[in-house]
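Comments concern the structure below.
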Amino acid sequence: MRILLLSHSFNSLTQRLHGELGRRGHVVSVELDIADSVTEEAVTLFRPDVLVAPFLKRRIPESVWRALPCLVVHPGIPGDRGPSALDRAVLRGEAEWGVTVLQADGEFDAGPVRAWRGFPMREAAKGSLYRHEVTCGAVEAVLEAIGLVGGPPAALAALRGQPWPLLRQAERAIDWARHGSAEVLRRIRSGDGNPGLADALFGQACHLFDAHPVTPAALAAAPPGAPGEVVARRANALLRRTVDGGVWIGHARRAPTAGPPDDEPPLKLPATDAFTEQAAALPELPVPLRRDAGEWDELHYEELGPPGARVGVLAFEFYNGAMSTRQCRRLRDALGEARRRDTQVLLLTGGADFFSNGIHLNTIEAAAQREGDSAADESMRNIEAIDDVALEIISMTDRVTIAAMRGNAGAGGVFLALAADEVWAHEGVVLNAHYRNMGNLYGSEYWTYLLPRRIGPERAQALMHERLPLGARAAAELGLIDVTFGSGGAGFLRETLARAQALAGQNLISRLAQKQQRRAADEATKPLAEYRREELAQMHRNFYGFDPSYHVARYHFVHKLAHAWTPRHLAVHRKQ
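Next up, the structure:
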């Protein structure tokens with residue numbers, strides 16, 4: 063079939079569908095929902111058999127849905143209507159939820175239901191549920207619905223949903239004098255990603271994101287305080303007291319000030335960066351890298367198995383997969399600590415939602431707003447810091463290293479994974495193994511060494527120029543990663559741990575000797591320092607050169623500016 067994907071943005075669900083439909087032999091093109099006339103033109107040019115809308119904020123024009131079947135993905139159960147479906151499900155604490163594929167008609171979210179999937183709800187942020195349960199269910203439902211196009215609506219049990227208006231900030235507002243920690247977490251998580259939860263920190267209006275529970279041990283070590291008071295910090299987060307405990311607030315976006323009209327809008331930043339001066343005055347509550355998993359921090363290390371067959375497991379839960387200069391340095395130090403442990407296998411599990419997305423564009427943009435600093439300078443600091451992380455992994459020749467992708471990866475995050483000996487992923491993972499969408503960035507993280515040795519020089523150059531996402535199965539077929547198993551989530555992690563322990567129990571002496579010999583031979587042929595020097599010379603041109611493409615693309619990305627056109631590598635119907 064010829065399938066047109068119409069989406070507000072090329073988000074994670076749209077990328078996943080793009081790969082899944084293409085892998086099944088369909089001819090797929092993408093049009094971003096910019097204007098009705100643009101959508102009508104795309105339909106005329108591409109002549110699709112069906113239009114699939116994974117993520118829309120506007121109605122499909124009547125001229126289109128009357129002309130061909132249009133399937134709309136709604137992140138709610140059958141009968142649910144409105145733009146805040148998943149927000150409300152998280153806010154209400156629903157035990158079960160679902161995702162529905164409807165055929166578009168004159169009413170928003172009210173057309174015939176073509177397919178749907180239900181799932182149990184986790185205690186997690188809205189964005190995490192969307193990237194995992196909603197996305198997996200949507201892919202299955204879209205594939206089913208495409209088979210039913212032109213047929214009767216799907217058979218349904220009694221509809222349980224109902225129409226709901228847009229969720230307003232007043233409905234999820236926190237009463238710090240009354241709401242307990244569980245309620246506070248639910249309210250912040252209901253708006254995580256977008257729009258956030260409107261509140262205040264240190265008496266200044268802001269939006270809150272990225273909330274985590276606080277353990278009794280952390281509360282006991284923290285200073286006392288009234289509900290709503292910020293009393294301590296850890297890593298990038300602030301500890302805020304509640305009536306029955308506390309929560310960690312990882313990210314915040316300050317409200318705009320009444321300054322000059324040319325002031326830049328505030329950015330979503332790590333909470334300690336959004337309120338630098340106030341955070342610096344708070345006591346820090348550090349925790350060791352190896353500790354109980356319930357004690358929150360971005361980095362966590364544990365070991366499994368007996369001496370001589372032991373696996374080290376290093377997780378790095380960086381919000382949205384973005385890695386700032388400070389976070390990269392912390393991860394480098396954690397790798398150094400893990401390296402001193404007596405393990406046979408080191409498993410790098412990244413974060414549950416993202417393995418890594420490379421350098422932190424928001425903290426880089428924030429540097430442009432600081433006196434005496436610049437986005438170019440912070441870009442260079444950040445890329446040097448993430449290169450140090452990659453170097454630490456590449457040079458770890460005394461044990462087997464495995465990158466286990468529990469979530470998606472993009473740009474430098476993909477090549478950070480390739481620094482390991484093996485890369486494992488579940489079938490729901492999507493990889494964007496290129497840099498060019500960010501203003502034609504050249505890229506670093508030793509990609510010019512790591513990528514060609516996996517897939518060869520010619521395919522490496524083609525991959526970097528195509529700029530298309532790859533599903534995990536397609537990446538494995540290409541040789542970019544080693545193996546895929548499981549459909550995602552906790553099941554993948556359980557099997558990963560079992561496989562890693564089985565590997566650690568083998569006699570690895572010969573394998574490690576070969577690894578060391580190859581690294582020595584590669585170093586003699588061309589030192590890693592030379593790869594790094596060449597890559598950073600190109601990156602210096604991106605950051606400081608006459609072409610501002612990177613800075614323009616980064617600005618558009620962090621400020622979430624609307625698309626003016628669909629990139630040609632996505633809109634194949636416009637290539638001619």
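For the sequence shown, the residue numbers in the working numbering are 63 to 638. We put the beta carbon where it would ideally sit given N, CA and C, even for glycine. Bear in mind that the values here come from a model prediction, so they are computed numbers and not experimental data.
Cβ pair residue i, residue j closer than 7 Å
i    : j    : result
M500 : A615 : yes
A343 : A314 : no
T411 : A466 : yes
V105 : V126 : yes
V349 : A566 : no
R394 : D439 : no
T101 : H136 : no
F271 : Q340 : no
I455 : A482 : yes
G144 : W226 : yes
P116 : S74  : no
A471 : S418 : yes
S386 : H362 : no
L329 : N444 : no
Burial state of residue i, where buried means 16 or more other Cβ atoms lie within 10 Å
i    : result
H274 : buried
K188 : buried
R154 : exposed
S190 : buried
N256 : exposed
M458 : buried
G541 : exposed
G553 : exposed
L228 : exposed
L108 : For the record, residue 108 in the displayed sequence is Phe; it is not Leu. Under this definition F108 is a buried residue.
For residue i, the first and last residue of its enclosing alpha helix (DSSP H)
i    : result
N444 : 437-456
W178 : It is not in any alpha helix (DSSP H) - W178 instead sits in the beta strand (DSSP E) that spans 175-182.
K188 : 188-191
Y497 : No alpha helix (DSSP H) contains Y497, which DSSP labels as neither H nor E.
P278 : 278-283
R234 : 231-234
F271 : Here F271 belongs to no alpha helix (DSSP H); instead the beta strand (DSSP E) covers 266-275.
S99  : 98-108
E539 : 534-540
F608 : Unbroken run through F608: none, as it is neither H nor E.
W486 : Careful: W486 lies outside any alpha helix (DSSP H), inside the beta strand (DSSP E) at 484-487.
Three-state secondary structure assigned by DSSP to residue i
i    : result
L619 : Correcting the residue identity first, residue 619 is Phe in this sequence and not Leu. Three-state result, F619: helix.
H313 : strand
F117 : strand
A239 : coil
R515 : helix
F477 : helix
Q568 : coil
G144 : coil
R561 : helix
A288 : coil
G81  : helix
I139 : coil
I464 : strand
A403 : Reading off the sequence shown, one finds Arg at residue 403, where the question assumed Ala. DSSP places R403 in coil when its eight states are reduced to three.
G199 : helix
E596 : helix
N- and C-terminal bounds of the beta strand (DSSP E) containing residue i
i    : result
N470 : 470-472
T304 : 299-304
L361 : 361-366
W627 : Element bounds for W627: n/a, residue is neither H nor E.
R64  : 64-69
Q165 : 158-165
G356 : No beta strand (DSSP E) contains G356, which DSSP labels as neither H nor E.
F416 : 416-418
A49  : In the structure as shown, the chain starts at 63 and stops at 638, and residue 49 therefore has no counterpart that could be examined.
Cα-Cα separation, residue i to residue j
i    : j    : result
I236 : V246 : 6 Å
R529 : G490 : 19 Å
Q579 : G374 : 24 Å
A267 : I122 : 36 Å
P318 : F72  : 28 Å
D95  : G160 : 24 Å
W627 : G356 : 45 Å
L525 : L281 : 49 Å
A333 : R302 : 11 Å
E446 : T587 : 23 Å
D111 : A633 : 16 Å
A288 : G420 : 38 Å
L598 : S243 : 46 Å
Closer than 6 Å: residue i CB and nearest the ligand ADP heavy atom
i    : result
D404 : With respect to the ligand ADP, the structure offers nothing, as it holds no ligand at all.
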